[in-house]
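Throughout the sequence shown, residue numbering follows my numbering, covering 59 to 510 in sequence. Where a beta carbon is used, it is the ideal one built from N, C-alpha and C, also for glycine. Notes follow the structure.
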Amino acid sequence: MLDVGRHPNIELLAYSEVEKVEGQAADFRVTVRRKARYVEEDKCTGCGACAEKCPTDVPDAFNEGLGTRKAIYNYFAQGIPSTHTIDADYCRQLNGKKCGICEKTCQADAINFDQEDRIIQLDVGAIIVAAGYDVFDPSLIPEYRYKEISNVVTAIEFERFLSASGPTGGHLDRPSDRAVQAEIVELEKRANKSQRALDKFEKKYEEGSGEFYENYKAGQYKDDEDYKKWADKYAGHLAIVETLNTLKRKAETFAVAKRLAFIQCVGSRDFRFYPFCSGYCCMHSIKEAIIAHEHDPETKSTIFGMDIRAVGKGFEEYKVRGGNKSGVSYMRGRVAEITGGPDNKPIVTYENTHERKVESREFDMVILATACAPTKGIFELAKILGIELNKYNFVKTSPQSPVDTSVPGIFVCGCAGSPMDVPESVAQASSAAGRAAEMVFQSQSEKEKAVA
Ligand SMILES: Cc1cc2nc3c(=O)[nH]c(=O)nc-3n(C[C@H](O)[C@H](O)[C@H](O)COP(=O)(O)OP(=O)(O)OC[C@H]3O[C@@H](n4cnc5c(N)ncnc54)[C@H](O)[C@@H]3O)c2cc1C
Ligand code: SF4
Ligand code: SF4
């Protein structure tokens, strides 16, 4: 990616959208909207001082909404260009409120609230669609209860948990435990606020709230509105503190997830959704199980799948290494159901096809290897480009010309065309670039011949 950023023949138009495409092969005119970042790309040094001071928290899409970022943000650490962007939906200043803290903080003078979208036009010979994929929505499979059981997560969410820059700093904290921790933080804020209100009463009447409350209940105070408020406030405070202490005691028992279940083919190889294999999920589950074991050697993972498709050089060896050295076991069979167990521990019910028995096992966390689904924006993009999609809404190609779309001069690579892993996507990108160059040079030489 860094190479792309500094390649003299590549102009990178990040945070931009194609709006219109006219013309034909070797002679396309493309209209692109360069969206306003409200930060000058050429001035921003990416130091992050603005984000540190920004008071507005926003769900972090890069972390699958599992953590928060600021209204001024860098989408992810290694992004090119390394510039910040203001999220116009959430920024206080851009929504008519008073703020502008980032502008005052930025030493590079990069903040520009007056920036507007810019429309630019490009004349190009060929177009390559590399719009990728989306993760299949597992809530479409009700028996896996993705939305109901918090410790059932998707593989992409799990990867964010494993990441040192993710919402848990790389610790496998269970989502149910994180929810309790978040409740504790919220209750602590409320307890502090109500304590401040009680302090005022205590100062005014020179009496501790506890002592006052006992006397109030014993009927020692006359029917005064202020005393009633104090008593209500104290009763509310006691209730908050009691819940807080209960949750804190519960949190002392929390431990990182150590028994992991990976469920393969969630939406893939399933006639209700995508009947074909997504190609990469067997390997990413093995990778994730191995990394989880590197984080904590007590971690044991079970990968449930109809078969493990370790297709590629060294992949089978990687799978075997997972089993021998990283506490990974492979269970052949399709998982029928996931149900909620005690202490938010999901229970996986499956057929053990070796033993020919239906079994159920409890885990700390279940990870769903979701299918590669077409990217949601592909319909709009296909309309703009005039290209056809296949019946699963991936870009239509033919087996003879796997990177050619239905429109000459427009090519496709990677998961926009069909599911594939990174090495295959990169190889296909080279192939698409080769086809595009071939087409452009052919057209140029035909033009030159015609002139001669
Ligand atoms: C949990 C998980 C783990 C994985 N782990 C591995 C692994 O370890 N190794 C491996 O080889 N593969 C792995 N994969 C598969 C890998 O993610 C894909 O093979 C790879 O991302 C495909 O690359 P791509 O460029 O085709 O698509 P993407 O990576 O999806 O990139 C497409 C890009 O296009 C952008 N885009 C979309 N629409 C538009 C538009 N209209 N205009 C402008 N930009 C647009 C998107 O924002 C995105 O940045 C994993 C997949 C998952 C789900
Ligand atoms: S103006 Fe305020 S809310 Fe908006 S990005 Fe800057 S610091 Fe954040
Ligand atoms: S790669 Fe594995 S998990 Fe993914 S669809 Fe194919 S068989 Fe299923």
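Short Cβ contact (7 Å threshold) for residue i with residue j
i, j, result
"Y148", "A129", "yes"
"M423", "G337", "no"
"I144", "Y202", "no"
"I15", "V76", "Outside the displayed range of the chain (59 to 510) lies residue 15, so it cannot be described from this structure."
"N250", "R232", "no"
"T360", "M389", "yes"
"R150", "C160", "no"
"F469", "A490", "yes"
"F527", "A319", "A query on residue 527 cannot be resolved here, the shown segment of the chain reaching from 59 to 510 and no further."
"I177", "R91", "yes"
"V324", "P196", "yes"
"A474", "V461", "no"
"I298", "R248", "yes"
"S326", "C335", "yes"
"V182", "V243", "no"
Spatial distance of residue i from residue j (CA atoms)
i, j, result
"K101", "E174", "16 Å"
"T411", "F219", "31 Å"
"D167", "L60", "25 Å"
"E283", "D257", "18 Å"
"F270", "L124", "44 Å"
"T463", "C108", "44 Å"
"K505", "A84", "11 Å"
"F499", "A510", "16 Å"
"T54", "F86", "There is no way to answer for residue 54, as the model of the chain reaches only from 59 to 510."
"E518", "A309", "No information on residue 518 is available, as it lies outside the stretch 59 to 510 that the chain covers here."
"E264", "Y274", "15 Å"
"A350", "P432", "29 Å"
"I138", "K78", "25 Å"
"G546", "Q322", "Nothing about residue 546 can be read from this structure; the chain reaches only from 59 to 510."
"Q82", "S140", "34 Å"
"A289", "G277", "12 Å"
"I425", "V211", "5 Å"
For residue i, three-class secondary structure by DSSP
i, result
"Y148", "coil"
"T89", "strand"
"E310", "coil"
"G294", "helix"
"C340", "helix"
"I185", "strand"
"I169", "strand"
"T163", "helix"
"N303", "helix"
"D354", "coil"
"F347", "The question names Phe, but residue 347 in the sequence shown is Ala. DSSP places A347 in helix when its eight states are reduced to three."
"K415", "strand"
Anticipated Cβ contact below 8 Å, residue i with residue j, distance rounded
i, j, result
"F134", "E346", "No, F134 and E346 are not in contact; Cβ-Cβ is about 19 Å, not under 8 Å."
"Q486", "C471", "4 Å"
"Y292", "S267", "5 Å"
**Item:** Start-end ranges of the alpha helix (DSSP H) lying completely within the region 427–494, minimum 4 residues
**Value:** Counting only runs of 4 or more, we get 436–443.
**Prompt:** Which ranges does the beta strand (DSSP E) cover as unbroken runs of at least 3 residues, wholly within the region 356–399, from first to last along the chain?
**Reply:** Look at the region 356–399 and you find these whole runs of beta strand (DSSP E), each 3 residues long or longer: 358–363, 386–390, 393–398.
**Prompt:** What are the uninterrupted segments assigned as alpha helix (DSSP H) that are 4 or more residues long and contained completely in the region 193–259, given in chain order?
**Reply:** Those alpha helix (DSSP H) runs which fall completely within the region 193–259 and span 4+ residues are 213–220.
**Prompt:** Can you list the alpha helix (DSSP H) stretches of 4 or more residues lying completely in the region 76–136, in chain order?
**Reply:** Runs of the alpha helix (DSSP H) lying entirely within the region 76–136, each at least 4 residues long, are 107–111 in chain order.
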